[in-house]
Every structure is written in C-alpha cells, then in structure tokens.
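Some notes on the structure that comes next.
Number of protein chains: 2
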Amino acid sequence: MAQPRPVTRIQRKNRAAILDAALDVFSLKGFDGATVDQIASSAGLSKPNLLYYFPSKEAIYTALLGELLDTWLDPLRALDPGGDPLAEILAYVQRKLEMSRDFPRESRLFANEIIQGAPRIAGELSGTLRDLVDDTAKVIDLWADEGRIARVNPHHLVFSIWSLTQHYADFDVQVRAVLGEGVTDPFPEAEAYLRTMFTRMLTPG
Amino acid sequence: MAQPRPVTRIQRKNRAAILDAALDVFSLKGFDGATVDQIASSAGLSKPNLLYYFPSKEAIYTALLGELLDTWLDPLRALDPGGDPLAEILAYVQRKLEMSRDFPRESRLFANEIIQGAPRIAGELSGTLRDLVDDTAKVIDLWADEGRIARVNPHHLVFSIWSLTQHYADFDVQVRAVLGEGVTDPFPEAEAYLRTMFTRMLTPG
DNA sequence: GTCTATAGACGGATAGAC
DNA sequence: GTCTATCCGTCTATAGAC
C-alpha cells in the first residue's frame, strides 16, 4: 500500500473551490452541457490544474453527487416515529423547504440528473432511497391506523413533499417571474401555504 | 414578397420527424447537451439534410418551444369562472396530470428550460404566463370570498398544482424506482391521491 | 503545483456533386 | 432533397517545461 500523501491547506482549498464551482455549472447546465473550462475559470484555476486535482470531468461530477445524496436525505432520516405525527411531517416539509432556499444548486443538480434518466444514481434510487421511503411509509400508515392523522397514500405523500418543496428551488425563475418584481422572497408565503395545505389534508376527521 | 414554396408531403413528413426526434433528445439532454447528430439519426436523416429543413440547432429548439407553450397552458385557460369551484380545480389537476402521463417529453423540455434559467422564454414567463396566472388568482380569491372554497394563497395553489402533476413526468424515473417493479403505472394512484389532497384542502369549513 | 502548448475527438454548420 | 467531404471551432485530456 502506498503511503497517503500529506494534504496541504492549498490542496484542501482548491479541491473545495473546484467542487463549489462545479456545483454552480453542473446545476445550471447538466453534465453534458457543462464544460471543464467553465468550472476551472469559475474556480480560479487553469484547466490542466483542475485536472491535477480530479482525473476527469466525470470524477468531479460523481464526487459531487456522492457527497450530496446523504445530506439530501438527512431530513427524511430525522423523521421521528415516536413524535407527534402532524408536527413531524410539518417539520419535514419545513426542513425540505429550507434546503430549497439555502441549497438551490444542490436541488437543481439532482433534478437535472433525474430528468436525464438518473444514469449515475439509478442504483441508489432503487436501493437506499427506496428502502428509506418504504420505512417512512410504514410509519405513516401506522399513524393512520391509530387515527392520529387522516389516511393517505404514504408513498405519494412523500412524493408530494418532494415536488412541492423542490419546486421553489428548481423552478425559482418561473416562480419569481409569475409573482412579479414586487416579491423579493417567495419562501415565507410558500412556507405558510404548505403548512396550511398539509395541516388541512392530514388532520383526522 | 417571395412566393411561398409549395410544401410537399415529404417536406411535411420530414419536418414532423425532425421535431419529434428533437423533442426526444432535447427533453432528455437539455439544449447544450443535445447534438444535431443525435437528432438527425433519430429522425432517420443525415446531419446536412436536417439542416436543410432547419437553419440551425437553435431554430429547431425555438420552433419546439413556441409550438408547445400554447398547448401547455390550454388547461389553465379552460378553467371556467362560472363553474363549480372545487370541480373546476380538480378538473384542472386531472388535465395537468393527464398531460404528464401522455406528454412527458414536453414536460421535461420545459423543466430543462426553466432549470437552466429560462434563457429563451423568460419574456413569456413574465408576460403571457404571469397575466394568465394573475387572472386565475382573481377567480380563486373570488371563490374564497363567496365561501365556496377554503381560503388559500391563489398563486401558490397554482404552483402546487404544477409541481405535483409535473413531478410524475419529470421525476418519472425516481417515482418508479421508489415504488418498485410491482408498480407498472403510478398514475391511477397519483390521481386518487391528488384528488383527496385538494378536496380536503379546499373544502370550506 | 501550476503553467503553455497541443493532441485527438467531436461539435455545428457549409460547399458542392448528384 | 439528399448525399460526401470538409471547414473551423471547442471539447476533454495529456505532455512536458518550470
């Protein structure tokens, strides 16, 4: 085995700058539409220098995807089966909406990947993701069995939370165009709307 | 003025084949990720022959977008202010969901365009689209004033209908991966879920 | 670690024969 | 209308000097 190289401060800094720049470009253009030149100049590096840190465009992209998938699913993992059902679901909606507000590039990166057929994370989708959603669905069904929330299709409930919250990141341009110049931040209204929507839908009786 | 050329049957057929192939490729790869070669071979033509019908890649793309925008908004235009409020909204949801089922490529084409900053339809979004949504919002507010539906933020209601229905086209791969191999058609369940969701949310009292 | 220079493949678009 | 051949630009990636 080779000795691990000492990682200098400048290495860490450049690697981070590259991944940040790559997130900018890939999330806006998709994998095929992005170019290494755009990433390099956005990171303040020359193209060969960037390729000194990552062996290929593909390697940058998969490094990004791999790091992101886990953090992206954390809010769902945080859902507590022992908590108050409606409060737990509303908290999940809010966390997801906050991620759309604070990490829109990450949301668009995943959206691009899925729309293009998820060629690089198809395995994760039908593995990790599917298992996690199935577990969550069991919890939701149990809550409905106990009469603590109204009965809903649990898988489609999860889909609806994803689509509603991610919409404000992925379709941000459209949301702002429709709301007009007067609205500088659509998120407070979105949060109130989603809270109302899910409360009315899930309150028993 | 030049005389309009007679349009032969083969011209109409090739033009249609090109647009159909372009829809395949652009919806899957986005504008930058698509190549003229892919479109040409998918249409059964050589690259120079394709460029005999359209002057450029850009021209094919804008021709597609222009033709699609109108039909895409037709379901919203069909919403009748004189009809029963809940029935009108549920009918709109259903028409949009049917479009996701029957025209997923069109949905993905728009999704790609918006995610990438809508460089070619920004004007339409803050013009035609915004006016149409504003008119619809007034109708929804009026229905709430009259107590015929529960009060909701009308703009975000429209956003939620878009995001929930288009999700089943744009994120089709993810939906099917999560539901598993047993589910061949997610749409019947989706329709039932959305009908329940909006009925509970909009029923007054 | 970072650069200039460039290889080699592929992109959009055109010329011109048929 | 359709083809082969090709121009020219840009792409990813590498070689090699410093």
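Protein chains in written order, with full-length UniProt numbering: chain H, 1 to 205; chain W, 1 to 205.
From the three backbone atoms N, C-alpha and C, an ideal C-beta is built for every residue, glycine too.
Keep in mind the model is a prediction, meaning the values are calculated, not measured.
Query raised in the report: Can you tell which of D80/W, G44/W, Y61/W and N14/W has the C-alpha that lies nearest to the C-alpha of Y53/W?
Result: N14/W
Requested in this report: Confirm, please, whether the CB-CB distance from L79/H to V139/H is below 9 Å.
Outcome: yes
Requested in this report: Specify the secondary structure class of D84/H as computed by DSSP and reduced to three states.
Outcome: coil
Query - For R112/W, the three-state DSSP class (helix, strand or coil) - result: Note that residue 112/W is Asn in the sequence shown, not Arg. Helix at N112/W.
Query raised in the report: With 16 other CB atoms within 10 Å as the buried threshold, where does N49/H fall?
Result: exposed
**Report entry** G30/H: contacting residues in chain W (beta-carbon distance under 9 Å)
**Finding:** K29, G30, D32, G33, N112, I115 and Q116
Report task. Could you confirm whether any beta carbon from chain W is found closer than 9 Å to the beta carbon of D189/H? Result -> Before going on, a small fix: residue 189/H reads as Glu here, not Asp. By this cut-off, E189/H is an interface position.
Query - Environment of E146/W [buried if 16+ CB atoms lie within 10 Å] - result: exposed
Report task. Find the residues of chain W that neighbour Q174/H, judging by a C-beta separation of less than 8 Å, and give them in chain order. Result -> I114, A118, L125 and L129
Query - Close Cβ partners of V183/W (< 6 Å) along its chain, the five nearest in sequence each way excluded - result: none
Requested in this report: Measure the C-alpha to C-alpha separation of G127/H and F159/H and round it to an integer number of angstroms.
Outcome: 17 Å
Query raised in the report: Is Q116/H buried or exposed, if buried means 16 or more other CB atoms sit within 10 Å of its CB?
Result: buried
Report task. Would you check if there are 3 or more beta carbon pairs closer than 8 Å linking the segment 60 to 75 of chain H to the segment 94 to 106 of chain H? Result -> yes
**Report entry** Any C-beta of chain H under 9 Å from that of K47/W
**Finding:** no
Requested in this report: Take L64/W as the anchor and find which of P75/W, S41/W, L109/W and L76/W has the nearest alpha-carbon.
Outcome: L109/W
Query raised in the report: What separation, rounded to the nearest whole angstrom, lies between the Cα atoms of A150/W and P186/H?
Result: 22 Å
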